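Worksheet: the structure to be examined is printed underneath.
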Amino acid sequence: MTAAAEGSPPLRMTQVRRNALLQSEPVQGFALISPTFLYALILLVLPILVVFAHSFWTQNYLTIDHTFTLENYRIALTEPIYRDLLWRSLYISLTVSVLTVILAYPIAYFISFHGGRHKSLWLFLITIPFWTSYLLRVMSWKVILGYNGVLNSGLMGLGIIDEPSTALLYNSSAVIITLTHAWATFAILPIFVSLEKVDRTLVEAATDLGDGPLRSFLRVTLPLSTPGVVSAMLIVMIPTVGDYVTPKLVGGKDGVMIANAIQAQFGKASNWPLGAALSVTTMVIVTLMAGATVLIIRAAQRLAR
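Using my numbering, the letters of the sequence shown map in sequence onto residues 5 to 309.
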């Protein structure tokens, strides 16, 4: 009786512990196995779901035509809207490159011939606007050219106009002005490098032979700096054809360029073949135009000699 009484507590304790162990093992096992099993399940099922979803979407909502055709190139070249946008883009690009070179050449000439020991400082000051974002500079011109902007307020303050003008913004002129300012430094630097290579003794020799400042510039300095002028025109002309941000922000409906149409085809229209055809067509035409520009400038240089 006493032995049974004394032995019963250990027996009851053993059964309690055994029940606890039996209840805890599945929980611990599940806690150890469940993350690995879950990851394996995801890695196994997810690709199957993706393939199924793609097949379902392709069969029910998307039809891909793999037939070889040049129809998109025909549309890009003959459709009036795309043809007009392309010619407008080429016109804006060529105008911006010419204006940029015209404005950049005097600055580069002054720094090269009259900058003295402060040439590095002048070049440093020229690059300061490029410390800010390109988008911020475009938005600054939007504020300047706006209906209640700085330019309209200044003209009204001087009494030149009676009310703000709407012709300063949302047109091709606004795009040209903004791009000319944005790419000015890219034209100044190559022209400056070309002017730095001009032999000053040739300029002095032309002066000693009776040429005035203008004649010596036209006969010596300008021809020798032609490589810098050509480089500046190409550096500005090629990227501005495909500019997208500036026409969108300051161009309006009258300043839309071909890059905006390409973005629309790849975006909202979801017509990638036509967008690709427009891109390739623009690239080829810009290449031909750049080559023609180089040939024209070289021919003019030979005629000047």
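Using N, Cα and C, we set each Cβ at its ideal position, and we do this for glycine too. Only a predicted model underlies this, so the values are computations on that prediction, with no experimental measurement involved.
Closest option to Ser93, judged by alpha-carbon separation, among Pro217, Thr71, Ala263, Arg121: Ala263. A straight line joining the alpha-carbon of Ala273 with that of Ala80 spans about 15 Å.
Collapsing the DSSP output to three states places His70 in coil. Annotated three-state conformation of Ser274 is coil, per DSSP.
A distance below 6 Å between beta-carbons, with the five flanking residues on each side excluded, links Asp203 to no residue of its chain. In the DSSP assignment, Pro217 falls within the alpha helix (DSSP H) that extends over 217-220. Take Lys252, set aside five residues on each side of it, and the residues of its chain with a beta-carbon closer than 7 Å to its own are Asn264, in chain order. Collapsing the DSSP output to three states places Thr136 in coil.
When C-beta atoms of the region 285-294 are compared with those of the region 179-194, fewer than three pairs fall below 8 Å, so the two segments do not count as touching. By the CB criterion at 8 Å, Ile195 and Val224 fall outside the cutoff. Burial of Gly255 is indicated by the presence of at least 16 other C-beta atoms within 10 angstroms of its C-beta. For Leu238 and Ala294, the gap between their C-alpha atoms comes out near 7 Å.
In this structure, the straight-line span from the alpha carbon of Thr205 to that of Asp212 is close to 10 Å. Put simply, the backbone Cα of Ser157 is about 31 Å away from that of Trp126. Distance check between Ser198 and each of Tyr113, Arg141, Phe128 places Tyr113 closest, using alpha-carbon atoms only.
The beta carbons of Leu89 and Val260 sit about 6 Å from each other, so the pair counts as a contact at 8 Å.
For Asn275 against Gln267, the beta-carbon gap comes to about 12 Å, at or over 8 Å, which does not count as contact.
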